[in-house]
Every structure is written in structure tokens, then in C-alpha cells.
Amino acid sequence: MPSPGALTSEFALPLRMSRRQFLTAAGLVTAALGKQTALMSSAHAIEPIQRLGKPHFRLSLAGYSLRDHFAGKRQPAITLEDFADLAAQWGFEAIEPTAYYFKDTSAAFLAKLKGRCTRLGLDVSGGAVGNNFCVADPQALKKQIADVKAWIERYSLLGGKTLRIFAGSVPKGDTEENARRRCIEAIQECCDHAARYGIYLALENHGGITSTPQQILAIVQAVKHDYFGVNLDTGNFHGEDPYAELAQIAPYAVVCQVKTEISRSRGGKRLPAEPADLKKILNLLRGVGYRGYVVLEYEAAEEPMKAIPRHALELRKLIQEITPL
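Reminder that position 32 of the sequence shown reads as 31 in numbering that gives the first Met the number 0, one-by-one numbering, no gaps.
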């Protein structure tokens with residue numbers, strides 16, 4: 000059943016596909032990747048996301064891209080206001096002001112930052128919080144849940160659309176089954192809270208119990224909440240073919256975190272990082288009908304103040320080519 004506003008928003012809240020629609024989308028992904036094995040049968044059991052209208056991408060910048068400048072490790076040191084100014088100068092349409100860089104979380108500051116973004120013509124695409132839902136101690140887990148709920152409310156004040164969250168890793172002496180159960184229960188509770196604010200929780204493929212497509216799909220299948228989906232992080236799968244792995248979870252993406260490098264494995268060993276095929280990634284998203292934000296999260300070695308504008312230009316050109324208006 001469509002969520003309220005699903006038929007009117009530019010980035011409409013996702014509906015669920017029929018099996019026939021999913022198979023059609025899966026075929027498009029396979030064609031885009033040029034691989035018959037792009038989607039595995041395990042993905043077919045889960046209802047993927049359908050958006051109304053043609054694929055449409057908007058370019059956002061993650062605050063984590065400038066982490067060393069926020070921390071003062073690189074000059075110039077910057078604030079969140081500076082970050083918004085830079086994103087506008089570099090031609091981005093939105094920002095993701097990561098939770099780590101808020102020195103002030105008062106309603107007054109959030110309103111000020113939102114107003115600055117409005118003047119700059121920027122959306123707040125969403126946010127990110129460094130949670131761990133696998134912790135075994137009940138009180139520690141309650142704190143993790145409370146932190147996520149608090150950030151849901153803060154990003155709601157900023158006009159955010161999504162909040163990317165993490166699952167975590169199996170605690171020492173525990174089992175993955177137990178850790179996954181706690182994670183699913185915590186996500187379910189936080190999704191109930193997020194729904195009150197119209198924000199999607201986006202589970203990132205980020206190591207731990209989300210290291211593989213099968214692991215993250217096991218969580219997605221179990222949660223089954225209208226305000227839950229995947230943050231497709233294009234740099235966080237490390238199999239022999241990361242693009243085929245990304246294709247397995249792309250149908251469930253509510254936001255996409257684009258990295259400029261990938262790191263694959265061969266013979267059980269991690270190979271050095273290589274430039275990501277950004278065109279292939281965007282074609283993958285187009286193949287599943289993705290409508291939403293493509294968030295550049297720059298993590299490579301080159302000075303980000305120099306590298307980000309160049310990658311932004313490349314992404315804008317590719318977006319215009321792949322999803323012309």
C-alpha cells in the first residue's frame with residue numbers, strides 16, 4: 000500500500016513491485032552490467048522497490064568526503080555552513096551533513112543550517128549516524144536505538160529524506176544469528192519512529208553482518224517496513240565482481256552512496272583499489288528504475304578540495320547522458 004504522498008512527491012515514496020515487474024527490472028540490470036549472473040535467485044524472494052516515472056538522479060555530497068577538513072587535519076578547517084557553501088560552488092544539488100560533524104544539535108542551529116541550504120538552492124538529501132545494532136548488552140543497545148531516534152528527529156527538522164544506518168558486527172563470543180536478530184528488532188523499532196517523521200532508514204552494506212548481498216538481504220527480508228530500504232554503497236562489496244554484488248541489492252535502494260574507487264578480491268586476497276566505473280554504476284541504478292539522490296562520498300587519497308569538483312563534473316555529465324530530461 001502506498002505511503003502518504005507517494006503519488007505526488009518528486010521523489011515519490013517507494014511502492015513494492017510485482018514479481019513480473021521485478022523480473023523486468025532485473026533484466027534491465029543484467030543488460031546494463033553485461034552479465035547474466037547479475038542477480039541471484041536469493042534476491043527474487045524479496046519485493047524490490049518501484050518508483051513512479053522515469054529514472055531520475057540528483058547529485059548530493061556527503062560530509063564524510065571532507066572529514067579531514069571538518070577535523071582540522073587538513074586546511075582549511077571547515078564547519079557545516081562552509082560545507083554547504085562548497086557544495087553549492089561545486090554544483091551539487093544537495094548535501095548529506097553527516098552526524099559526526101554537528102557541534103550544535105539545537106533546533107535553532109538546525110533551522111539556521113536549513114535556511115542557509117535554502118538560500119543556496121540545496122536540499123538536505125539525508126544524513127548518517129554511526130550506530131551499532133549488534134551490541135549484546137541491552138542497555139547499550141537501548142542507547143544505540145535512542146541515538147538513531149534522536150537523529151531521525153534532527154534530520155526531519157533539516158528536511159532530510161533518508162537516514163543511513165549501520166548494522167554492526169558480531170560481538171566476541173556471540174553468534175551472527177543472535178546479532179542479526181537484535182539488529183532486525185532495533186531497525187523495526189527505529190523504522191516505526193522514522194515513519195512518524197516521513198524519513199526512510201537506509202541500511203548500508205558496510206561490513207560486519209552486511210558484508211555480502213546475502214547477509215544484507217536477510218535483514219531486508221525480515222524487517223518488511225514501509226520506511227526501510229538499502230543505502231547502496233558502491234565501494235563496500237569486495238568480491239571478485241563487486242558490480243554483480245551491487246546489482247543484487249540495487250532494487251531495494253532508497254539512496255545511493257557513490258565511491259570513486261572499488262576494491263575487489265581474487266583468490267581470497269584483497270586487491271589494490273581501482274577506479275570505479277561510474278557509468279556502469281549509474282546504468283545499474285537506471286536499470287532498476289531508481290529515482291533519488293546519488294551521494295558522492297569521496298574517500299580516495301587525493302586532496303578532496305581538488306578531487307571532489309572534478310568527480311562532481313564527471314557525475315553530472317554521466318547523469319545527463321544516462322537520464323536525460
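Just so it is clear, CB atoms sit at the ideal spot from N, CA and C, and this is done for glycine as well.
Each residue's CA atom was taken as its position, placing P54 and L270 some 33 Å apart. Residue pairing by DSSP places H55 opposite R290 in a beta bridge.
In the DSSP assignment, G114 falls within the unbroken alpha helix (DSSP H) covering 106 to 119. Excluding five sequence positions before and after R181, the CB atoms of its chain that fall closer than 7 Å to its own CB belong to F132, C133, L140, given in chain order. Straight across, the Cα-Cα distance linking L119 with A93 is about 10 Å.
Assignment of R263 by DSSP, reduced to helix, strand and coil, places it in the coil class. Annotation: the continuous beta strand (DSSP E) that includes D232 extends over 227 to 232.
Of G197, A246, G291, F56, the smallest CA-CA separation from P212 is found for A246. Scanning I321, S59, R66, K148 for the CA closest to the CA of C190 turns up K148. Note on geometry: alpha-carbon atoms of R50 and Y289 lie some 7 Å from one another. In the three-state scheme derived from DSSP, where H, G and I count as helix and E and B as strand, E313 is classed as helix.
Contact check for Y99 against G62 passes: the beta carbons are separated by less than 9 Å. Within the same chain, and ignoring the five residues on either side of K113 in sequence, the residues whose Cβ sits closer than 8 Å to its Cβ are V123, L156, L157, G158. Here I218 is near I186, since their CB atoms are less than 9 Å apart.
Excluding residues up to 5 positions away in sequence, E260, I261, S262, A299 lie with their Cβ nearer than 8 Å to the Cβ of A272 in the same chain.
When DSSP states are grouped into helix, strand and coil, Q256 belongs to the strand group. Nearest neighbour of P96 by Cα position, chosen from E176, V222, D173, R153, turns out to be R153. A direct Cα-to-Cα measurement between N235 and K111 gives close to 34 Å. DSSP lists no bridge partner for G62.
With a 10 Å radius around the Cβ and a threshold of 16 neighbouring Cβ atoms, L312 comes out exposed.
With respect to the 9 Å criterion, T209 and L200 are not classified as neighbours on the basis of their beta carbons. L284 is the residue among A86, K268, L284, G90 whose C-alpha sits nearest the C-alpha of D232. Put simply, the backbone Cα of I151 is about 6 Å away from that of A193.
Excluding sequence positions up to five before and after Y297, its CB lies within less than 7 Å of the CB of S64, T259, P303, A306, I307, H310, all in the same chain and listed in chain order. Burial check for A145: the Cβ neighbour count within 10 Å stays below 16, so the residue is exposed.
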